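These notes are about the structure you will find just below.
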Amino acid sequence: MAESPADRAPPRPVNFVRRVPAGDDRLRLVCADCGFIDYQNPRIVVGSVCASAGRILMCRRAINPRQGYWTLPAGFLEAHETATDGAVREAWEEARARIAIEHLLAVYDVPRISQVQLIYRARLLSEDVSPGPESQEVRLFGWDEIPWEDLAFPSVAWAVGHYREAVETGNGAARTNPPGQTGDFELSPDGRIRWPGSGIPPI
5 MAESPADRAP PRPVNFVRRV PAGDDRLRLV CADCGFIDYQ NPRIVVGSVC
55 ASAGRILMCR RAINPRQGYW TLPAGFLEAH ETATDGAVRE AWEEARARIA
105 IEHLLAVYDV PRISQVQLIY RARLLSEDVS PGPESQEVRL FGWDEIPWED
155 LAFPSVAWAV GHYREAVETG NGAARTNPPG QTGDFELSPD GRIRWPGSGI
205 PPI
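Just so we're on the same page, this note's numbering is the position in the sequence shown counted from 1, plus 4.
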């Protein structure tokens with residue numbers, strides 16, 4: 005069996021200091037005793053645009069951030085889990101939805117919070133869905149019913165738009181961030197959070 009990064013990690017506690025290791029160009033957490041480097045890499049989010057008869061499954065978030073806003077079933081990839089298995093698991097956990105992954109729809113970068121998001125196109129195997137612990141409600145939306153002003157994050161809008169584009173054009177190539185958009189937020193003069201260029205109203 006191949007050795008995993010967890011197997012190579014030193015026991016805690018470790019005397020970490022922040023410095024630039026030899027041959028590197030970034031500050032890292034380095035053990036002052038043994039030289040072990042704790043690479044703090046981006047988190048991977050996996051999710052899906054799940055459809056049935058032209059309608060898209062969405063979940064109203066029951067947790068922060070963005071509690072009460074609509075999102076796609078998605079969440080952090082677990083250790084020792086494939087990306088597609090993670091997307092299937094998230095659909096079940098958040099919407100009690102059984103899905104079949106079709107192909108990769110998009111890869112989104114959100115550098116401010118060090119996330120890489122892998123969003124898949126999926127088919128609902130049954131419309132028998134219900135809220136999981138992290139959802140207030142779940143619903144299938146037709147295109148004209150999607151609550152654009154109540155979407156939780158810019159990448160939700162990107163993924164839904166890219167899904168429709170893929171269906172209409174028949175182009176199954178994986179999409180990326182819309183030009184000039186990184187999903188980063190900023191504070192408006194009145195202290196509210198806003199996502200420039202996303203079309204999502206400030207909160």
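Heads up, the beta-carbon is just placed ideally off N, CA and C, and yes, glycines get one too.
Note that the coordinates shown come from a computational prediction; the quantities given were computed from them, not determined experimentally.
For residue i, three-class secondary structure by DSSP
{"i": "Arg-70", "result": "coil"}
{"i": "Gly-165", "result": "helix"}
{"i": "Thr-42", "result": "The amino acid occupying residue 42 in the given sequence is Asp; Thr does not appear at that position. In this structure, Asp-42 counts as strand in the three-state DSSP scheme."}
{"i": "Asp-89", "result": "helix"}
{"i": "Arg-179", "result": "strand"}
{"i": "Asp-113", "result": "strand"}
{"i": "Ser-159", "result": "helix"}
Contact check, residue i vs residue j, beta carbons under 8 Å
{"i": "Ala-36", "j": "Val-21", "result": "yes"}
{"i": "Ala-136", "j": "Ala-163", "result": "Correcting the residue type first, residue 136 is Gly in the shown sequence and not Ala. It is not a contact, given that the beta carbons lie outside the stated cut-off."}
{"i": "Ala-177", "j": "Arg-70", "result": "no"}
{"i": "Pro-124", "j": "Leu-144", "result": "The amino acid occupying residue 124 in the given sequence is Tyr; Pro does not appear at that position. Contact flag unset, no."}
{"i": "Tyr-112", "j": "Thr-173", "result": "no"}
{"i": "Pro-158", "j": "Gln-121", "result": "no"}
{"i": "Ile-60", "j": "Glu-138", "result": "no"}
{"i": "Pro-115", "j": "Glu-94", "result": "no"}
{"i": "Gln-64", "j": "Gly-58", "result": "Note on residue identity: the sequence assigns Arg, not Gln, to residue 64. No, Cβ-Cβ distance for Arg-64 and Gly-58 is not below 8 Å."}
{"i": "Ala-91", "j": "Ser-52", "result": "yes"}
Length of the line joining the Cα atoms of residue i and residue j
{"i": "Arg-102", "j": "Asp-42", "result": "37 Å"}
{"i": "Arg-127", "j": "Ala-104", "result": "5 Å"}
{"i": "Pro-46", "j": "Ala-87", "result": "15 Å"}
{"i": "Gly-27", "j": "His-84", "result": "30 Å"}
{"i": "Gln-44", "j": "Val-50", "result": "19 Å"}
{"i": "Gly-146", "j": "Met-62", "result": "11 Å"}
{"i": "Thr-75", "j": "Val-160", "result": "6 Å"}
{"i": "Asp-148", "j": "Phe-80", "result": "29 Å"}
{"i": "Ser-134", "j": "Gln-119", "result": "28 Å"}
{"i": "Val-171", "j": "Ala-110", "result": "14 Å"}
{"i": "Glu-169", "j": "Glu-106", "result": "16 Å"}
{"i": "Asn-175", "j": "Pro-182", "result": "16 Å"}
Per-residue burial, residue i [other beta carbons within 10 Å of its own, 16 or more giving buried]
{"i": "Ala-55", "result": "buried"}
{"i": "Ala-6", "result": "Note that Ala-6 scores 49 on pLDDT, short of 50, meaning its location in the model is unreliable and no value can be drawn from it."}
{"i": "His-166", "result": "buried"}
{"i": "Gly-39", "result": "exposed"}
{"i": "Ile-150", "result": "buried"}
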